[in-house]
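Line by line, the protein sequences are chains A, B and C. FYI, the numbering for the first sequence is 99 to 624, going by the numbering used here. FYI, the numbering for the second sequence is 8 to 368, going by the numbering used here. FYI, the numbering for the third sequence is 110 to 244, going by the numbering used here.
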Amino acid sequence: MQVIINSKKIDFNEGETILDLAKRKNIEIPTLCYHSYFQPQARCRLCVVEVDGKLKTSCDTKLKDGMNILTDSGKVKKSRRITRELLKEREKRFKPVQDKTPVVIDHSKCILCGNCIFACSLIQEVNAIGEKGRGIKTKISSLYDKGLENSPCTFCGQCTHGCNCEAIKERDDTEKLTKALKSKKHVIVQTAPSIRASLGEMFEMPPGSLVTGKMAAALRKLGFDKVFDSDFGADMTTYEETHEFLERLEKGGPFPLFTSCCPAWVKFVEYGYREFAKNVSTCKSPITMFGAVAKSYYAKKSAVNPKNIVVVAVVPCIAKKFEIERDEMKNSGMKNVDIALTTREMGKLLKNKGINFNKLQESEFDNPLGVSSGGGAIYGVTGGVAETVIRSAKRLFGEKMDKIEFNDLRGFEGMKEATIELNGKEIKIAVAHGLSNIRKILEIIKKGKKYHLVEMMACPGGCIGGGGQPKSSDKDILKKRSSALYCQDRKLKVRVANDNPTLVEVYKNFLKKPLSKKSHELLHTR
Amino acid sequence: MQILTKIKEKDFESIMKMRPNKIIERVKESGLAGRGGAGFPTGMKWELTRKAEGQKFLICNADEGEPGTFKDKFIIENNLETLLQGIAIGSHALEAKCLIYLRGEYSYLKPKIEKMIKKMKLNVKIVTGAGAYICGEETSLIESVEGKRAVPRSRPPYPTVEGLWKRPTCINNVETLTNVPILLKDKNWNNNLRLFSISGNVKKPGVYELPLGLELKEILSVSEPEEIRAVCLGYSGGIIPFDKFKNLKVDYKTFSEKSLMLGSCTLIALNEGIVKIAKNIAEFFVHESCGKCLPCREGGFKILELLKKIENGKGTKKDLKELKELSEYMDISFCALGVGYGFSMRSALKYFGKEFEEKCR
Amino acid sequence: MNSYVLDELERIKKRYGYLKEKELVKLSKKLKIPLIKLYETASFYSFLPTEPKGRYMIRICNNLPCMAKGSEKILKHLEKFLKIIPGETTEDRKFSLETTSCIGCCDKAPAMMINDKIYTNLTEKEAVKIIKKLK
Numbered sequence: 099m100q101v102i103i104n105s106k107k108i109d110f111n112e113g114e115t116i117l118d119l120a121k122r123k124n125i126e127i128p129t130l131c132y133h134s135y136f137q138p139q140a141r142c143r144l145c146v147v148e149v150d151g152k153l154k155t156s157c158d159t160k161l162k163d164g165m166n167i168l169t170d171s172g173k174v175k176k177s178r179r180i181t182r183e184l185l186k187e188r189e190k191r192f193k194p195v196q197d198k199t200p201v202v203i204d205h206s207k208c209i210l211c212g213n214c215i216f217a218c219s220l221i222q223e224v225n226a227i228g229e230k231g232r233g234i235k236t237k238i239s240s241l242y243d244k245g246l247e248n249s250p251c252t253f254c255g256q257c258t259h260g261c262n263c264e265a266i267k268e269r270d271d272t273e274k275l276t277k278a279l280k281s282k283k284h285v286i287v288q289t290a291p292s293i294r295a296s297l298g299e300m301f302e303m304p305p306g307s308l309v310t311g312k313m314a315a316a317l318r319k320l321g322f323d324k325v326f327d328s329d330f331g332a333d334m335t336t337y338e339e340t341h342e343f344l345e346r347l348e349k350g351g352p353f354p355l356f357t358s359c360c361p362a363w364v365k366f367v368e369y370g371y372r373e374f375a376k377n378v379s380t381c382k383s384p385i386t387m388f389g390a391v392a393k394s395y396y397a398k399k400s401a402v403n404p405k406n407i408v409v410v411a412v413v414p415c416i417a418k419k420f421e422i423e424r425d426e427m428k429n430s431g432m433k434n435v436d437i438a439l440t441t442r443e444m445g446k447l448l449k450n451k452g453i454n455f456n457k458l459q460e461s462e463f464d465n466p467l468g469v470s471s472g473g474g475a476i477y478g479v480t481g482g483v484a485e486t487v488i489r490s491a492k493r494l495f496g497e498k499m500d501k502i503e504f505n506d507l508r509g510f511e512g513m514k515e516a517t518i519e520l521n522g523k524e525i526k527i528a529v530a531h532g533l534s535n536i537r538k539i540l541e542i543i544k545k546g547k548k549y550h551l552v553e554m555m556a557c558p559g560g561c562i563g564g565g566g567q568p569k570s571s572d573k574d575i576l577k578k579r580s581s582a583l584y585c586q587d588r589k590l591k592v593r594v595a596n597d598n599p600t601l602v603e604v605y606k607n608f609l610k611k612p613l614s615k616k617s618h619e620l621l622h623t624r
Numbered sequence: 008m009q010i011l012t013k014i015k016e017k018d019f020e021s022i023m024k025m026r027p028n029k030i031i032e033r034v035k036e037s038g039l040a041g042r043g044g045a046g047f048p049t050g051m052k053w054e055l056t057r058k059a060e061g062q063k064f065l066i067c068n069a070d071e072g073e074p075g076t077f078k079d080k081f082i083i084e085n086n087l088e089t090l091l092q093g094i095a096i097g098s099h100a101l102e103a104k105c106l107i108y109l110r111g112e113y114s115y116l117k118p119k120i121e122k123m124i125k126k127m128k129l130n131v132k133i134v135t136g137a138g139a140y141i142c143g144e145e146t147s148l149i150e151s152v153e154g155k156r157a158v159p160r161s162r163p164p165y166p167t168v169e170g171l172w173k174r175p176t177c178i179n180n181v182e183t184l185t186n187v188p189i190l191l192k193d194k195n196w197n198n199n200l201r202l203f204s205i206s207g208n209v210k211k212p213g214v215y216e217l218p219l220g221l222e223l224k225e226i227l228s229v230s231e232p233e234e235i236r237a238v239c240l241g242y243s244g245g246i247i248p249f250d251k252f253k254n255l256k257v258d259y260k261t262f263s264e265k266s267l268m269l270g271s272c273t274l275i276a277l278n279e280g281i282v283k284i285a286k287n288i289a290e291f292f293v294h295e296s297c298g299k300c301l302p303c304r305e306g307g308f309k310i311l312e313l314l315k316k317i318e319n320g321k322g323t324k325k326d327l328k329e330l331k332e333l334s335e336y337m338d339i340s341f342c343a344l345g346v347g348y349g350f351s352m353r354s355a356l357k358y359f360g361k362e363f364e365e366k367c368r
Numbered sequence: 110m111n112s113y114v115l116d117e118l119e120r121i122k123k124r125y126g127y128l129k130e131k132e133l134v135k136l137s138k139k140l141k142i143p144l145i146k147l148y149e150t151a152s153f154y155s156f157l158p159t160e161p162k163g164r165y166m167i168r169i170c171n172n173l174p175c176m177a178k179g180s181e182k183i184l185k186h187l188e189k190f191l192k193i194i195p196g197e198t199t200e201d202r203k204f205s206l207e208t209t210s211c212i213g214c215c216d217k218a219p220a221m222m223i224n225d226k227i228y229t230n231l232t233e234k235e236a237v238k239i240i241k242k243l244k
């Protein structure tokens with residue numbers, strides 16, 4: 099079966115649309131509302147092409163044998179020009195963004211394609227946003243326009259991945275950072291596990307590139323006083339949470355223990371499943387544990403007044419902007435983490451400052467808070483937290499670990515179950531990623547299914563698929579990013595959190611023991 | 008009036024005993040086509056729906072929303088029984104569950120319809136609209152019945168294949184369904200008669216049953232027109248200067264040749280200036296646009312802004328040029344609302360171009 | 110599908126005058142439809158207000174057939190009498206005023222709807238008389 103595109107005869111496959119074929123053959127057709135995750139909506143009409151003399155949208159017109167298609171005729175160009183002009187006029191009718199929530203909506207850029215709503219309702223099944231009104235008054239909004247902070251929104255940010263127009267996006271906090279860097283304060287940065295597996299994409303590197311060295315170098319160039327690693331915080335979280343878990347095993351409950359490092363998941367529980375709040379671990383998250391240690395142990399060690407320390411975290415997550423404002427994430431009147439920037443924000447900032455990421459010489463993290471284990475690295479993938487807790491638990495029981503990788507906990511099915519032997523007991527573990535799967539598993543648990551430990555990540559794939567991650571149309575993006583993290587885990591000699599030398603030092607000389615009074619004060623929410 | 012023909016109960020019962028395929032054959036032979044404006048051959052629509060697999064639906068489209076159109080209301084008020092017989096026959100021929108989608112503005116007629124349904128012992132549910140013109144569009148109507156925003160769907164798949172709750176669905180206009188029992192019973196059924204909704208600057212506005220093929224002035228004469236400058240053929244059909252077109256033959260072919268649409272035979276006789284008329288039409292479409300597609304939502308809004316500007320005496324030649332350009336651009340809208348809006352504007356600019364130019368600097 | 114969403118929303122509107130959140134929450138649980146979807150639907154239709162409106166919703170048709178018979182004058186008259194413009198509600202929350210698209214009374218123009226009732230062949234005097242009766 100053949101069609102003629104711009105005077106060339108091209109074969110096509112049954113069921114393909116004009117746009118499908120154009121993408122396959124590298125024929126340029128501009129689009130706006132089209133998104134590879136969702137069914138073509140044909141709303142923006144930017145993708146029109148001339149088909150046998152008539153203008154048709156290429157995203158939803160199926161190819162038929164003998165069609166004569168022109169993708170760049172005068173008629174097509176005129177239509178595109180008018181569409182673009184109308185969009186510019188639309189922009190002028192709206193005020194600039196004034197929202198202060200972690201996720202903001204810039205109505206001036208919104209083309210009302212509805213992709214954000216699809217992500218929220220079809221993928222995450224949260225249903226926090228919708229299309230209100232009709233015609234020219236249509237607007238993407240929360241229920242009764244009360245604002246995202248008063249809705250089921252967890253700030254997971256998956257909506258931002260649906261948006262091709264920068265209309266729904268994370269709040270821009272880069273100004274905050276620029277200001278801090280210009281000040282006389284001691285500004286330190288920590289990078290979440292997922293950043294090193296994805297920041298490169300902001301600079302056109304292939305997905306899955308492990309860019310730890312360049313990432314550290316770029317941040318140093320930006321002007322941070324110290325470049326540390328959230329993976330250290332992840333090791334702390336593992337250590338505390340493992341002890342918390344073992345305590346529950348001894349006491350006989352409450353089960354399951356839910357992980358707590360995902361703030362969108364925590365918000366999800368607080369909004370709709372409060373009955374499970376007591377099951378959630380009291381551990382803070384890696385970045386906030388890091389911040390607490392930075393403004394106490396590290397401040398003392400480096401003789402810096404903690405009030406002059408600004409802790410910045412580069413995270414794949416938009417909900418972190420919400421987490422760091424929580425009352426629990428403070429110690430001695432100071433926030434554990436002051437600024438959270440997404441991978442996208444950091445990538446843009448580095449570009450704006452003219453930093454040539456690709457040409458940078460690899461650098462290393464600073465000591466002491468830049469030291470981490472492989473267990474910290476895999477926090478970014480679904481199943482990683484559960485796996486690293488098991489490694490730590492087995493190490494605590496002095497078990498011989500002939501295998502350190504637990505494949506039963508790896509993989510991208512929405513819900514995974516595994517039974518692992520720990521100190522002679524059978525431990526039932528479950529792992530869920532994506533809020534729709536989290537909801538499913540909570541309903542299963544409500545009906546009586548028993549687990550000991552459940553890892554919950556709000557974003558599909560875990561943090562590597564986070565709301566603040568670079569936008570990608572690569573179908574295997576999660577696989578590629580996770581491979582980079584598993585690779586890093588394998589590269590490191592130290593693969594169990596307990597063996598992290600800085601961690602050992604921090605407990606020996608500062609915290610004394612996990613779950614101690616001091617540990618609870620700094621590293622737990624209660 | 009033919010449309011007010013009452014079918015005796017025993018004749019209705021004998022029709023209901025006919026084989027479905029025979030009924031469909033007779034409807035096909037009659038040449039009856041949709042009276043809602045689109046004019047799709049009814050027999051073919053019934054045949055396509057019946058052929059499809061699974062539970063089917065027949066929906067009577069009583070969402071008459073085209074400004075100046077009130078013929079369906081006339082039928083509901085004056086020959087409800089025959090309409091319901093038509094629905095029952097359709098339900099029998101298609102083996103379909105039936106619904107009436109009644110526009111919210113006609114909700115005061117709901118008790119009367121329910122009473123008659125009960126009396127005739129029929130199984131027909133009424134769903135009431137809530138003030139959205141777009142629900143007259145088939146796929147929007149379906150979305151509305153499904154409890155959603157009445158935003159039109161892509162076609163294909165057509166409703167006869169995948170409609171209400173994804174089942175094969177046949178949607179027919181009130182006037183179309185009312186004609187079914189009449190054409191099946193009356194050997195002299197005249198397919199050339201139409202119900203003209205005539206309103207505006209006339210002494211006797213109303214519904215008039217007249218044959219196609221008469222001249223425009225003949226048709227309007229029954230309503231005793233007053234001063235007429237322009238005739239609006241429904242909001243999507245076009246606007247024409249009366250003096251120039253008073254001898255125009257009113258039938259689908261002639262209208263099509265003149266780039267006009269006869270649609271559901273709506274005639275609004277007006278004595279206003281063209282800019283005021285066009286602005287009124289634009290305001291309607293901007294208010295009723297569902298907002299799904301960019302051309303209708305943004306382009307339509309811009310057209311209204313330009314017309315307001317021109318009406319206020321602030322319009323320039325550049326604005327007029329842009330107005331012409333946008334009226335053509337509207338043709339890529341997702342559905343017939345946007346396309347109709349553009350069509351209407353183009354006819355105004357074509358036939359009253361001078362009046363527009365005089366108003367622009 | 111036993112209940113139609115539009116019918117349910119209309120029922121709530123009739124009882125409370127608008128679609129208040131509490132009722133939509135109840136309906137959402139009853140129909141097992143996400144709350145935001147019900148809100149999205151309601152906000153689409155002209156006759157399903159999501160904010161409180163006056164006890165009597167006055168809708169005057171302003172399309173061409175009614176305009177040709179003087180609807181503009183009637184609207185102006187009502188605006189003066191009620192001291193509100195289309196889109197607003199009187200202070201005593203009794204009347205809301207809106208213009209509406211054609212309601213199919215073109216042969217008896219000008220026409221208006223007050224809640225579900227239709228009033229036709231209006232004059233300025235008539236229109237005010239009708240409203241006074243409802244006061």
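No residue lacks a Cβ here, since even glycine has one placed at the ideal position from N, Cα and C. Given the structure is predicted, the values throughout are model-derived calculations rather than measurements.
Next item on the list: Please name the residue in K331(B), E234(B), S354(B), L344(B) whose C-alpha comes closest to that of L267(B).
Entry: On the second sequence, position 260 is the one that residue 267(B) refers to. Of the candidates K331(B), E234(B), S354(B), L344(B), the one whose C-alpha sits nearest the C-alpha of L267(B) is S354(B).
Next item on the list: Check the Cβ of I194(C) against every Cβ in chain E and list those closer than 8 angstroms, keeping chain order.
Entry: In summary, chain E is missing from the structure at hand, where the protein chains are A, B and C.
Next item on the list: Find out if the Cβ-Cβ distance for the pair D327(A), T386(A) is shorter than 8 angstroms.
Entry: Translated into the one-based positions of the first sequence, residue 327(A) becomes position 229. Translated into the one-based positions of the first sequence, residue 386(A) becomes position 288. No, these two residues do not count as a Cβ contact at 8 angstroms.
Check: What is the rounded straight-line gap between the Cα of R236(B) and the Cα of S271(B)?
Finding: Position 229 of the second sequence, counted from the first residue, corresponds to residue 236(B). Position 264 of the second sequence, counted from the first residue, corresponds to residue 271(B). Each residue's alpha carbon lies about 22 angstroms from the other.
Next item on the list: Taking only heavy atoms of the ligand MN into account, decide whether any of them is closer than 7 angstroms to the Cβ of E223(A).
Entry: This structure does not include the ligand MN; it has no bound ligands of any sort.
Notebook entry, point to check: So, does the CB of A289(B) fall closer than 8 angstroms to a CB anywhere in chain C?
Noted result: For the purposes of this step, residue 289(B) is taken as residue 282 along the second sequence, with counting starting at 1. Closer than 8 angstroms: no.
Margin query: With DSSP as the reference, identify every bridge partner of S240(A), one or two as the case may be.
Written below: Taking the first residue of the first sequence as 1, we reach residue 240(A) at position 142. In DSSP, S240(A) forms a bridge with I227(A).
Checklist line | Whole-angstrom C-beta distance between F192(A) and S206(A), which should lie under 8 angstroms | finding: By one-based count along the first sequence, residue 206(A) stands at place 108. By one-based count along the first sequence, residue 192(A) stands at place 94. That pair is a contact at about 4 angstroms.
Item checked: Within the segment 463 to 523 of chain A, ranges of the beta strand (DSSP E) (whole runs, at least 3 residues) -> Here the runs fully enclosed are 513 to 520.
Notebook entry, point to check: Comparing the C-beta of K286(B) with each C-beta of chain C, is any distance below 8 angstroms?
Noted result: Within the second sequence, numbered from 1, the residue matching residue 286(B) stands at position 279. Chain C contact via Cβ: absent.
Next item on the list: Could you tell me whether the Cβ atoms of L128(C) and P158(C) are closer together than 8 angstroms?
Entry: In the third sequence, residue 128(C) corresponds to position 19, counting from 1. In the third sequence, residue 158(C) corresponds to position 49, counting from 1. The answer is yes: Cβ separation under 8 angstroms.
Item checked: With 16 other Cβ atoms within 10 Å as the buried cut-off, status of R624(A) -> On the first sequence, residue 624(A) is found 526 positions in, with the first residue counted as 1. Counting Cβ neighbours within 10 Å, R624(A) comes out exposed, since fewer than 16 surround it.
Check: So what does DSSP say about S205(C), is it helix, strand or coil?
Finding: Numbered from 1 along the third sequence, position 96 holds the residue referred to as residue 205(C). Note: S205(C) maps to strand in three-state DSSP.
Item checked: Alpha carbon of L458(A) to alpha carbon of K139(C), nearest angstrom -> Sequence index remark: in the first sequence, residue 458(A) carries index 360 (1-based). Sequence index remark: in the third sequence, residue 139(C) carries index 30 (1-based). Whole-angstrom Cα-Cα distance: 59 angstroms.
Checklist line | Proximity winner among R141(A), V604(A), K589(A), D464(A), relative to F322(A) (alpha-carbon distances) | finding: What you label residue 322(A) is simply residue 224 of the first sequence in a count that begins at 1. When only C-alpha atoms are compared, the closest one is D464(A).
Checklist line | C-alpha gap between L313(B) and L330(B), whole angstroms | finding: Start at 1 with the first residue of the second sequence, and residue 313(B) comes out as number 306. Start at 1 with the first residue of the second sequence, and residue 330(B) comes out as number 323. Straight-line Cα distance between these residues: approximately 7 angstroms.
Check: Near V152(B), what residues of its chain come up, given a Cβ to Cβ distance below 8 angstroms and the 5 sequence neighbours on each side ignored?
Finding: Looking up residue 152(B) in the second sequence gives position 145. Excluding positions up to five away in sequence, the list reads I66, L106, Y108, V134, L171.
Check: Cβ atoms of R442(A) and M555(A): under 8 angstroms apart, would you say?
Finding: Within the first sequence, residue 555(A) is the residue found at index 457, counting from 1. Within the first sequence, residue 442(A) is the residue found at index 344, counting from 1. Not in contact: M555(A) and R442(A) (Cβ atoms no closer than 8 angstroms).
Notebook entry, point to check: Assuming L223(B) and F252(B) make a contact with CB atoms under 8 angstroms, what is their CB distance in whole Å?
Noted result: For the purposes of this step, residue 223(B) is taken as residue 216 along the second sequence, with counting starting at 1. For the purposes of this step, residue 252(B) is taken as residue 245 along the second sequence, with counting starting at 1. Going by Cβ atoms, the distance from L223(B) to F252(B) rounds to 6 angstroms, so yes, they are a contact pair.
Notebook entry, point to check: Would you say N199(B) reaches chain C, if we count a Cβ-Cβ gap shorter than 8 angstroms as a contact?
Noted result: Here residue 199(B) refers to the residue found at position 192 of the second sequence. Interface criterion not met: the Cβ of N199(B) is under 8 angstroms from no Cβ in chain C.
Note to self: My assumption, with CB atoms under 8 angstroms, is that L344(B) sits in contact with F308(B). Please give the rounded CB distance.
What the structure shows: Here residue 344(B) refers to the residue found at position 337 when the second sequence is read from its first residue. Here residue 308(B) refers to the residue found at position 301 when the second sequence is read from its first residue. Not a contact, Cβ separation roughly 13 angstroms.
Next item on the list: Below 8 angstroms CB to CB, which residues in the same chain sit around A397(A) once its five sequence neighbours on both sides are set aside?
Entry: Taking the first sequence and counting its residues from 1, the one referred to as residue 397(A) is at position 299. Taken in chain order, the residues that qualify are N403, P404, I407.
Notebook entry, point to check: Hey, G509(A) and N535(A) are a contact pair by Cβ (cut 8 angstroms); roughly how many whole angstroms apart?
Noted result: Sequence index remark: in the first sequence, residue 509(A) carries index 411 (1-based). Sequence index remark: in the first sequence, residue 535(A) carries index 437 (1-based). At roughly 13 angstroms, the Cβ-Cβ gap does not stay under 8 angstroms, so G509(A) and N535(A) are not in contact.
Checklist line | Listed by chain order, chain C residues near T135(B) by CB distance under 8 angstroms | finding: For the purposes of this step, residue 135(B) is taken as the residue at position 128 of the second sequence. The contacting residues are L115, D116, E119.
Note to self: Measuring CB atoms only, is the segment 28 to 45 of chain B touching the segment 172 to 189 of chain B, in the sense that at least three cross pairs come out at less than 8 angstroms?
What the structure shows: yes
Item checked: Reduced DSSP secondary structure (H/G/I, E/B, other) of V149(A) -> Looking up residue 149(A) in the first sequence gives position 51. Taken through DSSP and simplified to helix, strand or coil, V149(A) comes out as strand.
Check: Could you give the distance in angstroms between the alpha-carbon of W53(B) and the alpha-carbon of S21(B)?
Finding: Here the question's residue 53(B) lines up with position 46 in the second sequence. Here the question's residue 21(B) lines up with position 14 in the second sequence. C-alpha separation (whole angstroms): 20 angstroms.
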